[in-house]
Amino acid sequence: MKNYPKAFIFDLDGVITDTSEFHYLAWKKLADEIGIKIDREFNEKLKGISRMESLDLILALSPSNNNLSADEKERLASKKNEHYQELIQSINATNILPGIEVLLKEIRRNNIKIALGSASKNATEVLKQLGITEYFDFVVDASTVTKGKPDPETFTTAADRLHIPYEACVGVEDAKAGVEAINKAEMFSVGVGEIKHLGDAKYVVQDTSELVFEEIVKRYNDWNLHKGVR
């Protein structure tokens, strides 16, 4: 007998839409302003982690920034967010990644809860601009939790607010830190991207167009059977 999960928890960037380029450009602009050079290769380290953690990694590239006060760091992080918010004004429904809206509709059709678990404080605004807010029962963002990914708090908070047991949840992520967070929460993890980066996920697809509801449910059932859960 097929056993359906009771909730899907999606990451935002790289899963629902791709604002990674905007994040990169915003961080690069801030870094340039404080005399630090970053490139796309370095930007890979910033994916899936919080704004302040990202800032610390950038500041560590220049020893002269070692003694910045907490207030100064907050000012720099806010400046980056201003750059980012300017860039995302152009986002609309055409920026939803392939297959995602079809998947959201299918999940809804099966009366399964949907949450967003994002490291971005702009998550709610991005959903609004994409025109898909109505699909989501709850949004967890950086203002909701105290510990970012790879800590499981983002995903456990979503499940708790939806009143769903963790093992009945599917988490969908494109970052290694996100997959680690899902696994720590003891949920079924789906990775979107290269398996060499996301090999710890229980199920990996190369891109969002391969996120097919019935296939995810099948893999989720196989995982449950493997655990001895009926």
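In the numbering used here, each number is its position in the sequence shown, counted from 1, plus 123. C-beta: ideal position from N, C-alpha, C; glycine also. Please read all numbers here as calculations on a predicted model, not as lab measurements.
* Between which two residues does the alpha helix (DSSP H) harbouring GLY366 extend? -> Outside the modelled stretch of the chain, which goes from 124 to 353, sits residue 366, for which no answer is possible.
* Are the beta-carbon atoms of TRP150 and ILE172 separated by less than 8 Å? -> Not a contact, by the Cβ cut-off of 8 Å.
* To do: Say whether the region 216–233 touches the region 254–268, bearing in mind that this needs 3 or more beta-carbon pairs closer than 8 Å, one atom from each stretch.
  => Between the region 216–233 and the region 254–268 there are three or more C-beta pairs closer than 8 Å, enough to call the two in contact.
* Going straight from the alpha carbon of PRO196 to that of ASN218, what length do you get? -> The sequence shown places Lys at residue 196, rather than the Pro named in the question. Cα to Cα, the separation comes out at about 31 Å.
* Asked: Ordered along the chain, which non-local residues of its own chain (more than five positions away) have a Cβ less than 6 Å from that of LYS130?
  -> Residue 130 is actually Ala in this sequence, not Lys. Within the same chain, ALA130 has close Cβ partners LYS236, LEU285, ILE287 and CYS292.
* Taking the Cβ atom as the reference point for each residue, do LYS125 and VAL340 lie within a distance shorter than 8 Å? -> Taking 8 Å as the Cβ cut-off, LYS125 and VAL340 qualify as a contacting pair.
* 4 or more residues per run - each alpha helix (DSSP H) lying fully within the region 165–208 -> For the region 165–208, whole alpha helix (DSSP H) runs of length 4 or above, ordered along the chain, are 174–182.
* Asked: Buried or exposed: where does ALA183 fall if 16 or more other Cβ atoms within 10 Å of its Cβ makes it buried?
  -> It is exposed - the Cβ of ALA183 has fewer than 16 other Cβ atoms within 10 Å.
* With 16 other CB atoms within 10 Å as the buried threshold, where does ASN306 fall? -> Answer is buried; the Cβ neighbour count reaches 16.
* Own chain partners of VAL138 with C-beta closer than 8 Å, once the 5 adjacent residues on each side are dropped -> So the qualifying residues of the chain are LEU220, ILE223, VAL295, GLU296, ASP297, VAL315 and THR331.
* Under three-state DSSP, which class holds LEU239? -> In the three-state reduction of the DSSP assignment, LEU239 falls in the strand class, which pools E and B.
* Return the chain-ordered list of same chain residues with a C-beta closer than 6 Å to the C-beta of ARG342, the five sequence neighbours on each side being excluded. => The residues are TYR326.
* To do: Measure the alpha-carbon distance for ALA265 versus LYS244 and round it to whole angstroms.
  => Straight-line spacing of the CA atoms in ALA265 and LYS244 works out to 5 Å.
* Exposed or buried, ASP136, counting other C-beta atoms within 10 Å across all chains shown (16 or more means buried)? -> Under this definition ASP136 is a buried residue.
* **CB-CB length for ALA304 against LYS350, believed under 8 Å** => Contact doesn't hold; Cβ gap of about 19 Å is too wide.
* Asked: Going by DSSP, what residues sit across from TYR326 in a beta bridge?
  -> Bridge partners of TYR326: VAL313.
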